[in-house]
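The numbering of the sequence shown is our numbering, which starts it at 87 and goes up by one.
The block underneath contains the structure these notes are about, expressed in structure tokens.
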Amino acid sequence: MRFRSASASVLLEHAIKVEFSGRIALVSSFGSESATLLHLVSEIDPAIPVIFLDTQKHFAQTLSYRAKLVTKLGLTNVINVLPEGDAVSARDGDGNLWKTDPDGCCTLRKVEPLTEVLSEFDAWITGRKQFHGGGRMHLPAFEATQTHIKVNPLIRWSKDAVTNYVENHELPPHPLVTQGYPSIGCWPCTHPVADDSDVRAGRWRGAAKTECGIHDIKE
Ligand code: SF4
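Printed below as a string of structure tokens:
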């Protein structure tokens, strides 16, 4: 495989400038580890489309962190993707669907909006890493779905490598990290965890659910 041992920068440069030029987007949650990938991408092309799924359930700290990173990194094409208004009214009128049907809530607020916006692209970049565990442990750097190529440039990065990168480039931390949130999503489904817990242990705590479903998009 040509890119088996390539660095994240080399892999991203090839994907953004050559293989999928003008047809690739980065999907970012602006969560606890997002600054690293956003910085790497901004060094190659600060105008790359950055898709943010605005579920309307984000922590206020995530929204302020997003604004801070966008300014610091000079990102010029952040796309705020909202769930479709009529669908929210019909399926989650009281905003509490996450309590009774978290899979349905993620479908409404993440999967469907992302599916729609990704129809404009051939490839997307994710920040998934093998040390997150679960189904992420055996992912390759390039992944083909029925309709898109997913690029996972940080897949082999360790937690220490991410920490070192952030420190070396003086990137600001998400304000909730120091409050015990190593992985950050929507506020109803994200909880602080003990220091020695798995990174994603605070996501959908107490439920069998471990992923929101955006990585299962087929078409
Ligand atoms: S993470 Fe929780 S609040 Fe956010 S879309 Fe999924 S179920 Fe809904």
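A virtual CB, placed ideally from N, CA and C, is assigned to each residue, including glycine.
(request) Could you have a look at residue 288 and say whether DSSP puts it in helix, strand or coil? (result) In the structure shown, the three-state DSSP call for residue 288 is coil.
(request) Enumerate in chain order the residues of its own chain whose CB-to-CB distance from residue 198 is below 8 angstroms, with the five nearest sequence positions on each side excluded. (result) Cβ within range, chain order: 169, 170, 173.
(message) If I measure Cβ to Cβ from residue 299 and keep anything under 8 angstroms in the same chain, skipping five residues before and after, which residues do I get?
(response) Excluding positions up to five away in sequence, the list reads 189, 192, 193, 196, 197.
(request) With a threshold of 16 other CB atoms inside 10 Å of the CB of residue 178, please say whether the residue is buried or exposed. (result) Result: buried.
(message) Alpha carbons only, please: which of 241, 111, 136, 95 is nearest the one belonging to residue 207?
(response) Of the candidates 241, 111, 136, 95, 111 places its Cα closest to the Cα of residue 207.
(request) In the DSSP assignment, find the beta strand (DSSP E) that holds residue 300 and state where it starts and stops. (result) Counting along the chain, residue 300 falls outside any beta strand (DSSP E), and DSSP gives it neither H nor E.
(message) Using the three-state DSSP reduction, which class does residue 210 fall into: helix, strand or coil?
(response) The answer is strand: DSSP assigns residue 210 an E or B state.
(message) Under 8 angstroms: do the stretch 271-280 and the stretch 201-216 share three or more Cβ pairs, one atom per stretch?
(response) Fewer than three Cβ pairs drawn from the stretch 271-280 and the stretch 201-216 lie within less than 8 angstroms of each other, which leaves the two stretches out of contact.
(request) Look up residue 241 in the DSSP assignment and say whether it is helix, strand or coil. (result) Judged by DSSP in its simplified three-state form, residue 241 adopts coil rather than helix or strand.
(request) For the stretch 91-136, list the alpha helix (DSSP H) runs that are entirely contained and at least 4 residues long, ordered along the chain. (result) Segments of the alpha helix (DSSP H) lying fully in the stretch 91-136: 94-99, 120-130.
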